[in-house]
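For the sequence shown, UniProt numbering begins at 1 and goes up steadily by one. Where is the CB? At the ideal position from N, CA and C, for every residue including glycine.
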Amino acid sequence: MGTSQLGVFPPPPPPIVNEAGRRSFSPEGRLYQVEYAMEAIGNAGSAIGILATDGVVLVGEKKVTSKLLQTSKSTEKMYKIDDHLACAVAGIMSDANILINTARVQAQRYTFAYQEPMPVEQLVQSLCDTKQGYTQFGGLRPFGVSFLFSGWDSNFGFQLYMSDPSGNYSGWKAAAIGANNQAAQSMLKQDYTEDLGREEAVNLALKVLSKTMDSTSLTSDKLELAEIFLLPSGEVKYQVCSPEGLTKLLLKSGVNQPAAEPSA
């Protein structure tokens, strides 16, 4: 088995051709598998990323499909890739785990080779190149997951990128993926301003989720919140908010009311 540039995936097989020796496309030229992957993401829990003046905020919705499910002790929507880079995911989690592990390996190889953190966009582009390869050849299917990448590097400071199963990626000031992403994107477009600090960005993200989630109320067991910011020493810090801290933020932002005490 050969290895790709990332050293994880085998090289894609040659394209499947018909009897005439030509590739088979749909009459409309549509990529049905990419559309199916997009549909899978549309049914996943929402995730929102907001670029602030002093950091990047990621908020994700955990889908609770059954009350019998054991709640995860670790994060389900937020993943740390390197000390200066993290991501939020929406879609098929098994696909996401493969790509996240690939990104972690690539980041560590770059650090080992050059003795400095890998630039954020370079890592995003490398991962999206892998995703694009799985849309181009027969016998493969696209990865059914979208990402919001957040990070900091010395070249461009704080950055936020969004990528989809087709391998496209782009930089954003505020973005949403997952269920009801169009409604969330519309609200972000109206309320986002470039002078937002991290605290205001958190409040905006919680406000948008409260109005676009299928659930009637926001609680700490349905959400995850992560931030990337710089410490006074100049070190990049990735921090995941605890359930207790998230409950306080929900009450402070006014999008959740404290539970009523049972009457005697």
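Span separating the alpha-carbon of residue i from that of residue j
{"i": "residue 281", "j": "L218", "result": "Shown here, the chain extends from 1 to 264; a query on residue 281 therefore has no answer."}
{"i": "D221", "j": "P243", "result": "7 Å"}
{"i": "K32", "j": "L206", "result": "Looking at the sequence provided, one finds Tyr at residue 32 rather than Lys. Approximately 34 Å between the Cα atoms of the pair."}
{"i": "G144", "j": "G91", "result": "6 Å"}
{"i": "D191", "j": "L204", "result": "8 Å"}
{"i": "S146", "j": "L246", "result": "24 Å"}
{"i": "residue 268", "j": "A86", "result": "One cannot answer for residue 268 here, as it falls past the ends of the chain, which runs 1 to 264."}
{"i": "F137", "j": "K131", "result": "12 Å"}
{"i": "F25", "j": "Q122", "result": "Any reading at F25 must be qualified, since the residue scores a pLDDT of 49, below 50, and its modelled position is unreliable; no value is offered."}
{"i": "K77", "j": "I98", "result": "14 Å"}
{"i": "L69", "j": "D214", "result": "18 Å"}
{"i": "G133", "j": "Y110", "result": "22 Å"}
{"i": "P232", "j": "V89", "result": "29 Å"}
{"i": "A113", "j": "S253", "result": "45 Å"}
{"i": "D164", "j": "A40", "result": "12 Å"}
{"i": "Q185", "j": "G171", "result": "14 Å"}
{"i": "V120", "j": "M38", "result": "24 Å"}
{"i": "L188", "j": "Q115", "result": "38 Å"}
{"i": "C128", "j": "N181", "result": "21 Å"}
{"i": "S126", "j": "I100", "result": "12 Å"}
{"i": "E194", "j": "N168", "result": "25 Å"}
{"i": "D95", "j": "S210", "result": "28 Å"}
{"i": "L249", "j": "L58", "result": "14 Å"}
{"i": "V56", "j": "S166", "result": "25 Å"}
{"i": "Y36", "j": "P142", "result": "9 Å"}
{"i": "I50", "j": "L230", "result": "16 Å"}
{"i": "R22", "j": "A179", "result": "Note that R22 scores 42 on pLDDT, short of 50, meaning its location in the model is unreliable and no value can be drawn from it."}
Assumed close pair residue i, residue j - CB separation to whole angstroms, cut-off 8 Å
{"i": "G197", "j": "D54", "result": "6 Å"}
{"i": "C241", "j": "L225", "result": "4 Å"}
{"i": "Y161", "j": "V124", "result": "5 Å"}
{"i": "V34", "j": "T135", "result": "6 Å"}
Cβ shell of residue i (< 7 Å), same chain only, five flanking positions each side left out
{"i": "H84", "result": "P117, G151, W152, D153 and V236"}
{"i": "A183", "result": "T212"}
{"i": "T75", "result": "E224 and V240"}
{"i": "K67", "result": "none"}
{"i": "V255", "result": "L206, K207, S210 and L218"}
Same chain only: Cβ atoms within 8 Å of residue i, ignoring 5 sequence neighbours per side
{"i": "A52", "result": "F158, L196, G197, R198, E200 and A201"}
{"i": "M93", "result": "E76 and V145"}
{"i": "V208", "result": "I48, A176, A184, M187, L188 and D191"}
DSSP beta-bridge partners of residue i
{"i": "V236", "result": "L230"}
{"i": "Y169", "result": "S163"}
{"i": "residue 309", "result": "A question about residue 309 goes unanswered here, because the residues of the chain that appear run from 1 up to 264."}
{"i": "K80", "result": "A86"}
{"i": "I177", "result": "A47"}
{"i": "V59", "result": "I48 and L225"}
{"i": "F158", "result": "W152"}
{"i": "F147", "result": "V89 and S163"}
Residue i: CB within 6 Å of a non-hydrogen atom of the ligand ADP
{"i": "Q70", "result": "Of the ligands one can find in the structure shown there are none, so the ligand ADP has no counterpart to examine."}
Same chain, Cβ closer than 6 Å to residue i, five either side skipped, listed in chain order
{"i": "Q239", "result": "E227"}
{"i": "N155", "result": "P119"}
{"i": "G234", "result": "none"}
Quick one: any contact between the region 33–53 and the region 61–68, if contact means 3 or more CB pairs under 8 Å? yes
Can we say the region 102–119 touches the region 172–183, given the rule of at least three CB pairs closer than 8 Å? no
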